[in-house]
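Here the structure comes first, spelled out in C-alpha cells, and everything after it is commentary.
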Amino acid sequence: MTELEDRAQSVFLNALEIEADSERETYVRAECGSDPMLLREVQDLLSHQRRLGRFLDPGNEVTTPTIPHPCTEHVGDLIGPYKLREQIGEGGMGLVFVAEQSNPVRRQVALKVCKPGLDTRDVIARFEAERQALALMDHPHIAKVFDAGATESGRPYFVMELVRGIPITDYCEQAKLTTRERLRLLFSVCQAVQHAHLKGIIHRDLKPSNVMVTLHDGIPVPKVIDFGVAKALSQRLTDQTVYTQYQQLIGPPLYMSPEQAELSGLDIDIRTDVYSLGVLLYELLTGTTPFDKQTLIEQGFDEFRRQLREQDPVRPSARVSTLDAANQSTSALQRGIDRRQMSQSLRGELDWIVMKALEKDRTRRYESASEMAADIERYLNDEPVTACPPSLAYQLKKQVRRHKVALTTASLVAIALLIGSAVSLWMAIQATSAREQANRSLADFQQAVIEKQDLLEQKTAALDEVSNLNQRLYPHTMVTVDRLIGERVIAEAEAYLSIFDSETSANGHHTFEWQYLKNHLQPSGQRLRGHSATVFSVSFSPDGRILASASGDYTVRLWDTDTGELLRVLTGHSSDVNGVAFSPDGDVLATISDDHTIGLWNPDSGERAATLRGHRDMVTGLAYSPDGTILATGDADGVLKTWDASTGEVLNSISAHPGRINSVCVNSEGTQIATCGKDEFVRVWSLSTLENLFEFASSKDQLHVQSVAYQPGTDRLFSLSRSGKIRAWNTETGQLDDEFNTEQFLLGFTFSPDGSTLATSTGHYGPLLMWDPETHLRTADYPLGDAGGSFHATYSPDGRLIAAAADHDVILIKTDHQPLHRLLVQIEKPIDCLTISPDGQSVLVGHRDSTLCWFDLVKGNESSRQHTHADVPQAKYSPDGTLLATAGFDSEVIVWDAKSHTILQSLSDFQTQIRDFAFSIDGRKFAASDGTKVLVWTTEDWQQIDTIDIQDVDHLAFCFDDALLLANHTVSYRSADGRVQQVNGIDERPSGVSVSSDGTKAGVGLLHSWRPGILDITSFQESAEVEVLRLGREHALSIMAIALTHDGRTMATVDSRGSLVLWETKTGIRLLTRSIPDLTGLPASYHNAYLAFSPDDSTLVVGLNPSGPDDPKAPKGVVFVVSRPSSRVQPDVFVPELE
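Going by numbering that gives the first Met the number 0, the first residue of the sequence shown is number 0, and it counts up by one from there.
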C-alpha cells in the first residue's frame, strides 16, 4: 500500500465519525491541506461510503471500487428458512434484515448477509470471524447467534437475536436516568465484555451505537453487538486467514485507546476494551467524550492522536463544571439532579473510577472489565473503591516528561541566573567587608565541624542500634527458618534467611547455622528445568553422556550430562509417560505410558522407531535384559509381558499380580524377572518362560511393595514397602536374607553400580537419602531445595552421577559432592579422641590400640595411620597446625611434628594419667593436668615455667592474655599473673570446656543438669563476680561433648542419646536441634561423643561410640559430618521447548 493510500484511509476513517456533512467537509479539507491528490482520494472513498461501509476493517485489502454491486436481497425474499421483512441496517461487511423464522419455532430474528461485491476471501474471513465470536458467547447482555449458512449465490449469512433498541447514551438521555441507574446499566455492559474476554475475544469497537438498550418487561437491558472487528486472544475465530494490516487503525477514534492510536509494535489486549468502557462511562456521566469531535475536526487527526497519547483528559467533575449554563441545566435535568450539585456528585470516587479506566499507561488501568465492574458495584453499595487518584510524584513525572525541553531550558536559565547572582553577591561582599566575611567563614567552619561531629556520632549510634537490633533478631530468625524448613515452606524460609545474606563472621564466612540452613534450601546439584508436569522416571545412557527424563507432560526429554543442555524432546505419547530405559547398547530408548503403549525411539534423532501395543491398561514398569534382546513390561492390571526387542513381538504374557505392577527388574545374568505390586508379594519369574520361581511375602505392614532391585555383584533381591521397610532375599534359596526399617515414607530405591549404597526417594517429603545395605545406616542426605522430594532416582553407569526426578525438575548430583549430612566413616573399634587438622582436610581419630588414623574429610577414606602410646584418649593440634600433642594412659604427653609425624618432645613429669591438655591462643605455651596439678611449658624450648596447685582438673583451656580456664567440681579462671577467680552459677562437675579461637568466649557442658553454660571471659577483667549464662534444658541426658565455632558465635552440644543442639552464644538461644539416630539409623545410646568444628567453621564433625545391642554388622565407632558442600553447586539450567 502506498503512502498516499495509507494517509487517505486514516483521514477517511476519522471523517466517518463526524455526522454533519458540513463539519465533515471542513475536517477533510483541513487535513488534506494543499494536497489535491489526497483530497480526491478521500472524496472518492466518501462517495462510495454506503457501499463500502467500514472501509478499514482489519485484514481487508483496500482497492478503489469501480463498478457498484446492487443488493440482490429484497424484502419478501427467502434466505434459507428465513423470510426477509425489512432492512434495518448496513455495515462495512454486510446488510442486516429483520427476518421471520417459522420452523421449528416462530420468531423474528436479525439476519446479517455479506454484501454483494465484497465477498472476497478477506471479507468472508472477517464475516466468519464475527459469527464465530458471537457463537462463542452465551451471555444475557450479548446478542446470541442462532444459525448460519450461505445464500444461493454463495454469500455467507448468519442469524442472531433481534435487538430492538437504541444506543445506550440515547436511552439514558431519553429516559432521564439518574447517575446510579446509568452506572447499573454500565455494570451489566462490563459483565458482558468480561464474558467476551473470558471466551478469548477483544471487541475493539465499543461505542454507544454498539451497546443497544432494549426493554424486557419495562426493564432496560443493554446488549453488546457488532463484533465485526473483534480479535481472538488465544484461538483462531475462523479457519480463514484474518490479517490486520500494518499501521491500520481499529475502532472509532473518539473511543479508541492510546495504544490503538499509537501504531506501534505493541499488541493490544483486553485493557483496550477497558479504556473504551471508561470513555463510555465518561460520556454517560458528563454527556460528552473525554476528547470531543471539535478537536478532531479543527486540529486534524494527527494532532488528535497526539493529545490522546500524551494529554490526560479532564476529570468528569471538572468537565461538567466547564459546561455553559444551558448545557449544565439540560444535563442536570436529564439526570434528575440540581445543576449546582452535578460537579459535586461526580467528584471523588466516580472521578477515580473513570480516570483509572482512562489511564494512558495500560498497566495502571483496571486489569479487566470485571475489575472495573467490581469497583462500580462497590460504589453502588457504598463500599470503598480500589481506584485512587494518581500520586503527586506520578503526576510530576508525567509533567516533566511532557515538557522536558521547556523545563530543561528554564532550569539552565535559572541555574545561570543563580550562579551569576551568587558571584555578583560574593564579589560585592568581598569588596566591602573582607574581614567580616573571613570571620563569618571561620565561624561557619567551626559550626560545620561541630555539626559534622554530631552527625558522625548520630550515625555511629544509629549503626550501633541497627547492629544491636540485628543481633537480637538473628537467633529468632534462624529458629524460624529451621521451623519453616521442617514444614516445607521453602520460599518463606529463603526470604527470612536472606535478611542476613550479607552478615558474615570475622573470618569472612557466614555463621555455621546460617550456611547449614542455606544448604537445606538449595538443591545438591545441577537443576534441569523444562518439564511442565511431574517427572516420574530418569535413565542414563550406557556411556553416561545422556540422561532421559519421563514426565506427566506426555514428553521425554534428553539432556547432556556434562553441560545440562537439553538435546531434544520426544513427543508422541497421548498421556503420562511413566518410565524410560535405554537398551544396553544405547541404540534404543524405551518408554511406557498411561496410553497403554510402549514407545521405541532412536535417541540420536528423536524419531519414534516403533510402538508396541498389547497392554490393556496403563504400562507401569519396564526393564531390558542385559543382552538387550528382551524387553519386560508390566501394567496397572497386573499383566507381565516379555517382548522381542528387535521385532516387537510378544514372547510371553502372564497375570503376575492381582492389581497394578509397581516395579519390574531383571537380574545381571539375564535369567530372572522380579516384580512387585499393590499386593504384599514379590514374585520372581523365569525370563525365558515367565515360569514362577519364587514368591515372597514382602509387605506384612499392609502397605504395598513399592520397588524391587537386584543388588549388583550378589544374588540378592531387595524389596521396598511404602512404609520404608527394606528386605533382602536370596534368589538361589528363596529365603529372607536381611531386613531393616528406614522409618521413612519411601517411593523407590536404586543401587549404586558397585552395590555398596542404596539411594531412596522420599516423594514430596524431603531429600534423597543414601543407605548402607550391610550396616543399615543412613550414610548421606542430598537436599533437593524447593523442588520437593524425589519420585525416582538412578546412578550413572560409572557411579559418578545421581539423577533424581524431583517434581517438575531433574536434579543432577555429583557423587563426590559433599552432602548435607553424611556418615563419613564406620570404624570397627571405639573412638577415644577426635579432632580436625588445621587445614580442614582430614579428621584425626585416636584409639586405645595405640593407633592414630587420619580420614579424608570429603571422601572418608583413611589417608594415614600412626602408632603411638599404648592408648590415645586425647589428641590436639597447635593453633598454627605445626604441632600435634597426644596423651594416653601412660602418664606421658608426646609432641609430634604435625606434617612428618616425627616425635619432637616427650613430657613425662606426671604422676598419673593425663586428663586434659591445651595450647595457648598464640601457641607459645602448653598446659596439661594429671588431676594432681597443672604444669605449664613454653613451646619454643619446652621449659617448664609454671606449676598450678589445683587438683582434680578434668578439663582446661587457654583464654586470651594467656589466662587459663580450669574445670574440676566447678570452673575457675586463672590469670597470667596467678590470680584465681571462681565462676558463679556452676554447682556440679562440668563435662567439657571449649573456648573460641580468640579466647574471649567459652562453653561449659554440665554433666548432671543437662544444661550447658556460656562464659564471657572478658568480664573477668572487669568484675570480681562472673556468672555463667545457663542455657535451656534442651538435652534429655548428660552432655557428653561441647564445641564452639572458631568465631565464638555458635556452640554445639551433644548428649548420650545423640541429640545435637546448636546455640547462639551471645543470647544463649537454642538455634536448632538434630537427632543423629534419626539422621543415621544408629542406636539412640552412646558411650562417648566428640565434637569438632573445621577451621573455617564450615563443617561440624561428630564422633560417636554406639552402645546399642551387640550387632556384628554394627560399627563400634562412627564419624558423622554436618557441613556445607565442598564445591560450588552448578547453577540451574532452564532450556525452552525445542522447535
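Ideal Cβ placement from N, Cα and C applies to all residues, glycine included.
Computed from a predicted structure; not experimentally measured.
key: Continuous beta strand (DSSP E) assignments of at least 3 residues falling wholly in the region 415–454   = none
task = Ignoring anything shorter than 4 residues or poking outside the region 948–996, list the alpha helix (DSSP H) runs there in chain order.
result = none
ask   = When DSSP labels each residue in this structure, what does Ala19 get in the three-state scheme?
value = Translated into positions along the sequence shown, residue 19 becomes position 20. In this structure, Ala19 counts as coil in the three-state DSSP scheme.
task = Sort out for me which residues DSSP pairs Glu85 with in a bridge.
result = As a position in the sequence shown, residue 85 is number 86, starting the count at 1. The partner list for Glu85 (beta bridge, DSSP) reads Val97.
request  = Could you tell me the distance, in whole angstroms, from the CA atom of Ala7 to the CA atom of Glu40?
outcome  = One-based indexing of the sequence shown puts residue 7 at position 8. One-based indexing of the sequence shown puts residue 40 at position 41. Distance between the alpha carbons of Ala7 and Glu40 is about 6 angstroms.
inquiry  = Quick check on Ser330: does DSSP put it in helix, strand or coil?
reply    = The residue labelled residue 330 in the question sits at position 331 within the sequence shown. In this structure, Ser330 counts as helix in the three-state DSSP scheme.
message = Considering only their Cβ atoms, is the gap separating His791 from Ser760 smaller than 9 angstroms?
response = Residue mapping note: residue 760 aligns to position 761 of the sequence shown, counting from 1. Residue mapping note: residue 791 aligns to position 792 of the sequence shown, counting from 1. Yes, they are a contact pair.
task = Would you mind reading off the limits of the alpha helix (DSSP H) that contains Ile489?
result = The residue given as residue 489 occupies position 490 in the sequence shown. That run of the alpha helix (DSSP H) goes Ile489 to Ser497.
key: Contact between the region 830–850 and the region 799–813 (3+ Cβ pairs under 8 angstroms)   = no
ask   = Tyr515 by DSSP, collapsed to three states: which one?
value = Taking the sequence shown and counting its residues from 1, one reaches residue 515 at position 516. Of the three classes helix, strand and coil, the one that applies to Tyr515 here is helix, per DSSP.
task = Measure from the alpha carbon of Gln293 to the alpha carbon of each residue in Val384, Val144, Thr25 and Asp272, then state which is nearest.
result = The sequence position of residue 293 within the sequence shown is 294, counting from 1. The option with the nearest alpha carbon to Gln293 is Thr25.
ask   = Just the Cα atoms here: how many angstroms apart are Ile269 and Ile201?
value = Taking the sequence shown and counting its residues from 1, the one referred to as residue 269 is at position 270. Taking the sequence shown and counting its residues from 1, the one referred to as residue 201 is at position 202. Roughly 6 angstroms between the two C-alpha positions.
task = Would you mind stating whether Val112 and Tyr156 have Cβ atoms separated by less than 9 angstroms?
result = Counted from its first residue, the sequence shown places residue 112 at position 113. Counted from its first residue, the sequence shown places residue 156 at position 157. Yes, they are a contact pair.
ask   = On the three-state DSSP scale, how would you describe Gly543?
value = In the sequence shown, counting from the first residue as 1, residue 543 sits at position 544. Of the three classes helix, strand and coil, the one that applies to Gly543 here is coil, per DSSP.
task = Return the first residue and the last residue of the beta strand (DSSP E) that Phe1092 is part of.
result = Counting from 1 along the sequence shown, the entry for residue 1092 is found at position 1093. That run of the beta strand (DSSP E) goes Tyr1085 to Phe1092.
key: C-alpha gap between Leu276 and Tyr254, whole angstroms   = The count along the sequence shown starts at 1 and reaches residue 276 at position 277. The count along the sequence shown starts at 1 and reaches residue 254 at position 255. Using only the alpha carbons, I get a separation of about 8 angstroms.
ask   = Per DSSP, Thr213 is paired with what?
value = As a working mapping, residue 213 is identified with position 214 in the sequence shown. The partner list for Thr213 (beta bridge, DSSP) reads Val220.
message = Which residue wins for smallest C-alpha separation from Asn601, given the options Arg203, Gly563, Val555 and Leu819?
response = Position 602 of the sequence shown, counted from the start, is the residue given in the question as residue 601. Among Arg203, Gly563, Val555 and Leu819, the Cα nearest to that of Asn601 belongs to Val555.
key: Nearest residue (CA-CA) to Asp643, options Thr619, Val97 and Thr628   = As a first step, residue 643 must be located in the sequence shown, where it is residue number 644. Taking only the C-alpha atoms, the option nearest Asp643 is Thr628.
key: Spatial neighbours of Glu85 in its chain, beta-carbon cut-off 7 angstroms, leaving aside the 5 residues before and after   = Residue numbering aside, residue 85 sits at position 86 when the sequence shown is read from its first letter. Closer than 7 angstroms at Cβ, skipping near neighbours: Val74, Phe96 and Val97.
inquiry  = Which same chain residues end up closer than 7 angstroms to Phe290 when comparing Cβ atoms and leaving out the 5 residues on each side of it in sequence?
reply    = Position 291 of the sequence shown, counting from 1, holds the residue named residue 290. Counting only Cβ-Cβ distances below 7 angstroms, and skipping sequence neighbours, we find Leu253, Phe303, Gln306, Leu307 and Pro312.
key: Opening and closing residue of the beta strand (DSSP E) in which Leu1180 lies   = Any question about residue 1180 goes unanswered here, given that the chain covers just 0 to 1138.
inquiry  = Please state the DSSP three-state secondary structure of Gln190.
reply    = Taking the first residue of the sequence shown as 1, we reach residue 190 at position 191. It is helical.
message = Let me confirm a value: Pro989 is counted as buried when at least 16 other C-beta atoms fall within 10 Å, else exposed. Which label applies?
response = Stepping through the sequence shown from its first residue, residue 989 is reached at position 990. Classification of Pro989: buried, given that the 10 Å Cβ count is 16 or more.
ask   = Of the choices Ser540, Gly647 and Glu297, whose alpha-carbon is the least far from that of Asn13?
value = For the purposes of this step, residue 13 is identified with residue 14 of the sequence shown, where counting begins at 1. Asn13 has its Cα closest to that of Glu297, out of Ser540, Gly647 and Glu297.
request  = Return the CA-CA distance between Thr243 and Ala260, expressed in angstroms with no decimal places.
outcome  = Residue numbering aside, residue 243 sits at position 244 when the sequence shown is read from its first letter. Residue numbering aside, residue 260 sits at position 261 when the sequence shown is read from its first letter. In this prediction, Thr243 has a pLDDT of 40, which is less than 50 and means its spatial position is unreliable; what the coordinates show is noted afterwards. The straight-line gap from Cα to Cα measures roughly 14 angstroms.
query = Using DSSP with H/G/I as helix, E/B as strand and the rest coil, what is Phe11?
reply = Residue mapping note: residue 11 aligns to position 12 of the sequence shown, counting from 1. Three-state result, Phe11: helix.
Simplified DSSP state of Leu565, which is helix, strand or coil = Taking the first residue of the sequence shown as position 1, residue 565 is located at position 566. Looking at Leu565 - three-state DSSP - the assignment turns out to be strand.
ask   = Asp350 lies in the beta strand (DSSP E); which residues open and close that run?
value = Within the sequence shown, numbered from 1, the residue matching residue 350 stands at position 351. Per DSSP, Asp350 belongs to no beta strand (DSSP E); it is in the alpha helix (DSSP H), Glu348 to Ala356.
query = Less than 9 angstroms separating the beta-carbons of Leu955 and Ala897?
reply = The sequence position of residue 955 within the sequence shown is 956, counting from 1. The sequence position of residue 897 within the sequence shown is 898, counting from 1. No.
query = Considering only residues of the region 256–304, which uninterrupted beta strand (DSSP E) runs meet the minimum length of 3 residues and lie entirely inside it, listed in chain order?
reply = none
key: Of the listed residues Asp997, His820 and Pro711, nearest to Pro752 (C-alpha basis)   = Along the sequence shown, read from residue 1 onward, the residue named residue 752 stands at position 753. Checked all of Asp997, His820 and Pro711; the closest Cα to Pro752 is Pro711.
message = Can you find the residues in the same chain that come closer than 8 angstroms, C-beta to C-beta, to Ala608, ignoring five residues on each side of it along the sequence?
response = In the sequence shown, the residue the question calls residue 608 occupies position 609. Only Val587, Leu599, Trp600 and Asn601 meet the Cβ criterion.
inquiry  = So, with DSSP's three-state summary, where would you put Ser531?
reply    = Numbered from its first residue, the sequence shown carries residue 531 at position 532. Ser531 falls in the coil class under three-state DSSP.
key: Three-way DSSP call (helix, strand, coil) for Thr1044 in this model   = Here the question's residue 1044 lines up with position 1045 in the sequence shown. Reduced to three states, the DSSP call for Thr1044 is coil.
request  = State the CB to CB distance for the pair Asp961 and Ser1018, rounded to an integer number of angstroms; the pair is presumed to be in contact (CB under 8 angstroms).
outcome  = For the purposes of this step, residue 961 is identified with residue 962 of the sequence shown, where counting begins at 1. For the purposes of this step, residue 1018 is identified with residue 1019 of the sequence shown, where counting begins at 1. The pair is not a contact, with the Cβ atoms about 17 angstroms apart (cut-off 8 angstroms).
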